[in-house]
């Protein structure tokens, strides 16, 4: 019997050693290897996506350059006072073509970056729906590089025939002159 107990102890020691070896092998070798594999797989997927995006940009290069050239051509002139005059002239032109009545205008320059400025104009008009529609059509289809930031239309009477239009438009001025210190 004592021989059987020693054999059992040896067997249990061997099994415990195997269990500890498997645990250590799993935590030290297998798990890090699997994590590394997943990280490499994710990195390869990211790189493939970046390559696809780059190839797509290369295919669209002429379109993007053409659009950029158009934006530069239609941007406001680099002279700040001339740019403001052009924007106000354009607003006058659009409102005359649409037949709207201007209530107020508030132009304001903003320079969020060193390489461009925007002229933001808040303009309020009155008129009927067809005139407002015509005005918005004129703004959107003009060659001048303006962006409509906000449009608010509300009724000025009970019947809804006379409407009020609140409009925020922005004009882009690229490479503005340096500001004096």
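Numbering (this note's numbering), first residue to last: 1273 to 1453.
By construction, the Cβ of each residue, glycine as well, lies at the ideal position given by its N, Cα and C atoms.
Fill in: DSSP three-state assignment for residue 1363, whether helix, strand or coil
Looking at residue 1363 - three-state DSSP - the assignment turns out to be helix.
Worksheet entry | Alpha carbon of residue 1375 to alpha carbon of residue 1442, nearest angstrom | Distance from the CA of residue 1375 to the CA of residue 1442, rounded to the nearest whole angstrom, comes to 19 Å.
Item to complete: Tell me whether residue 1385 sits in a helix, a strand or coil according to DSSP, three-state version.
Response: DSSP places residue 1385 outside both helix and strand once states are collapsed to three, so it counts as coil.
Worksheet item: Is there contact between the region 1379–1387 and the region 1415–1424, where contact requires at least three CB pairs shorter than 8 Å?
Response: No, the region 1379–1387 does not touch the region 1415–1424.
Worksheet entry | Three-pair Cβ contact test at 8 Å for the region 1365–1379 versus the region 1397–1410 | The region 1365–1379 vs the region 1397–1410: in contact.
Discussion item. Please report the distance separating the alpha-carbon of residue 1408 from that of residue 1321.
Written reply: Residue 1408 and residue 1321 have their C-alpha atoms roughly 40 Å apart.
Worksheet item: Do residue 1400 and residue 1434 have their CB atoms nearer than 8 Å?
Response: Here residue 1400 is near residue 1434, since their CB atoms are less than 8 Å apart.
Worksheet entry | Endpoints, the beta strand (DSSP E) within which residue 1421 is located | That run of the beta strand (DSSP E) goes 1418–1427.
Worksheet entry | Cα-Cα separation between residue 1425 and residue 1377, rounded to whole angstroms | Taking C-alpha positions only, residue 1425 is separated from residue 1377 by approximately 16 Å.
Worksheet entry | residue 1398 (DSSP reduced to helix, strand or coil) | Residue 1398: strand per DSSP, three-state reduction.
Discussion item. Please report the straight-line C-alpha distance between residue 1333 and residue 1390, rounded to a whole angstrom.
Written reply: Answer to the nearest angstrom: the Cα atoms are 26 Å apart.
Worksheet item: When we look at the beta-carbon of residue 1300 and count the other beta-carbons within 10 Å, is it buried (16 or more) or exposed?
Response: Per the 10 Å Cβ criterion, exposed.
Practice prompt. Spell out the partners DSSP gives residue 1304 in its beta bridges.
Written response: Paired residues: none, contrary to the question.
Worksheet item: Alpha carbon to alpha carbon, how far is residue 1381 from residue 1327?
Response: Our two residues, residue 1381 and residue 1327, have alpha carbons roughly 38 Å apart in a direct line.
Worksheet item: Taking C-alpha atoms, which residue in 1431, 1422, 1428 lies nearest to residue 1440?
Response: Closest by alpha carbon: 1422.
Worksheet item: If you draw a straight line from the C-alpha of residue 1353 to the C-alpha of residue 1379, how long is it?
Response: So the two alpha carbons sit approximately 12 Å from each other.
Worksheet item: How many Å lie between residue 1431 and residue 1398 at the Cα?
Response: Residue 1431 and residue 1398 have their C-alpha atoms spaced approximately 15 Å apart.
Fill in: Opposing strand residues paired with residue 1378 [DSSP bridges]
The secondary-structure analysis by DSSP pairs residue 1378 across a beta bridge with 1394.
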